[in-house]
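A.B. asks: One structure, as structure tokens, below. Some questions next.
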Amino acid sequence: MFMKRTPLLIALLLSGCGTLPQPFYGNPGPVAAKLAMPPAPVLMVPPPAGTHLADKTAGLYAHDLASELAAYDVPSVAGPIQKDNWHLQITAKSAGDMVTPVYDVIGPDGKSYGKQTGLPIPAQGWETGDPTALLNAAKADAPALSKLMTKINAEIQQSNPQSLENRTPRIFIGTVIGAPGDGDTSLPTDLARSLPSPNLELAKTAQEADFTVTGKVKTTPAPKGQVTVELDWVVRDRNNRIVGQVTQIHDLTPSDMSPYWGDVGTAAAQQAAGGIQSVVQNEILKKAKKTEAAKK
């Protein structure tokens, strides 16, 4: 049975062949996972001071800019500078009837990691705090700022020996819920045996992991006394963003799962492991491509 769900899923071809009751044996189907963008450093956007903006309109501009940056996959929050967070220092230069915003990315250590000059905008709209003018300024400058943040993030990751670019990724196997019989405990154990590979290590805790995978089992009645079983394996990054999902669907008899999953669980875990490994490797590949693009 070939099941293709949403773009977020990795579809798997499920086969009932074999001498054992192992319907989850089969070959992975085409990858159709939509992976989240690699996380950039969290960026605080405080209301700019000394930019010819009143306090109220400065706060409005900070909110507009943070929202526009978030639309470009830069996690940004409008608000005051916080310890251990990155922040965007905003100043402005006046020349005739135009104002040009200037942005400085400041790290948690207080150092400047990169500057970006914005596009000039009419001084009247800026200084009077016209909402449309401020929003247009944020929209105009967000693309270049997002590229700057990507470049900064890439440079930091390359210089960090503990980054994913310089070591084998680690994954933590979380809980499985909803499985009949002993599935909630046996499926994670089976997956722990099948998931490790030369390109993926198991982490003992979620805090040590780059990725976490959790499982959810759904059962619905099927004809001829069988049960339709759906196993959803969700992979998240360390920021709890979903980067991919592996879904397995097949009809089983209740005795295949209760009281023990046994060989059926082993087969399900073996097949799921290949899909989960693909999710992780595709996420890392996408991150590497983004890093290379940031160098150019």
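In our numbering, the protein residues as written are 5 to 300.
Idealized CB from N, CA, C, for every residue including glycine.
Span of the alpha helix (DSSP H) holding Asp-68?
C.D. replies: Position 64 of the sequence shown, counting from 1, holds the residue named residue 68. Unbroken alpha helix (DSSP H) run through Asp-68: 59-75.
A.B. asks: Using only CA atoms, which one of Gly-100, Ser-201, Gly-269 and Tyr-117 lies nearest to Asp-108?
C.D. replies: Position 104 of the sequence shown, counting from 1, holds the residue named residue 108. Among Gly-100, Ser-201, Gly-269 and Tyr-117, the Cα nearest to that of Asp-108 belongs to Tyr-117.
A.B. asks: Figure out for me which residue from Ser-201, Asp-186 and Pro-192 has the closest Cα to the Cα of Pro-263.
C.D. replies: Position 259 of the sequence shown, counted from the start, is the residue given in the question as residue 263. Considering only alpha carbons, the answer is Asp-186.
A.B. asks: Within 10 angstroms of the Cβ of Val-284, are there 16 or more other Cβ atoms? Answer buried if so, exposed if not.
C.D. replies: Mapped onto the sequence shown, residue 284 falls at position 280. Buried, by the Cβ-count rule.
A.B. asks: Does the separation of the CB atoms of Ile-125 and Met-102 fall below 8 Å?
C.D. replies: By one-based count along the sequence shown, residue 125 stands at place 121. By one-based count along the sequence shown, residue 102 stands at place 98. For Ile-125 and Met-102, yes; Cβs fall inside 8 Å.
A.B. asks: So is Leu-123 buried or exposed if we call it buried at 16+ other beta carbons inside 10 Å?
C.D. replies: Mapped onto the sequence shown, residue 123 falls at position 119. Exposed, by the Cβ-count rule.
A.B. asks: Can you give me the C-alpha to C-alpha distance between Pro-50 and Thr-216, rounded to a whole angstrom?
C.D. replies: Sequence index remark: in the sequence shown, residue 50 carries index 46 (1-based). Sequence index remark: in the sequence shown, residue 216 carries index 212 (1-based). Between Pro-50 and Thr-216, the C-alpha separation is close to 33 Å.
A.B. asks: Consult DSSP for Ala-36 and reduce its assignment to one of helix, strand or coil.
C.D. replies: Within the sequence shown, residue 36 is the residue found at index 32, counting from 1. Residue placement at Ala-36 is poorly supported in this model, since its pLDDT is 26, which falls under 50; the coordinates are not used for a value here.
A.B. asks: Count the other CB atoms, across all protein chains shown, that sit within 10 Å of the CB of Glu-212; report buried if there are 16 or more and exposed otherwise.
C.D. replies: Taking the first residue of the sequence shown as 1, we reach residue 212 at position 208. So Glu-212 ends up on the exposed side.
A.B. asks: Tell me the DSSP secondary structure of Pro-225 in three-state form.
C.D. replies: Residue 225 sits at position 221 when you count from the first residue of the sequence shown. Residue state, collapsed to three classes: strand.
A.B. asks: Using three-state DSSP, classify Ser-80 as helix, strand or coil.
C.D. replies: Numbered from 1 along the sequence shown, position 76 holds the residue referred to as residue 80. DSSP places Ser-80 in strand when its eight states are reduced to three.
A.B. asks: Going straight from the alpha carbon of Asn-286 to that of Gln-93, what length do you get?
C.D. replies: As a first step, residue 286 is located in the sequence shown; it is residue number 282 there, counting from the start. As a first step, residue 93 is located in the sequence shown; it is residue number 89 there, counting from the start. Roughly 35 Å between the two C-alpha positions.
A.B. asks: CA-CA distance, Gly-83 and Gly-266?
C.D. replies: Start at 1 with the first residue of the sequence shown, and residue 83 comes out as number 79. Start at 1 with the first residue of the sequence shown, and residue 266 comes out as number 262. For Gly-83 and Gly-266, the distance between alpha carbons rounds to 53 Å.
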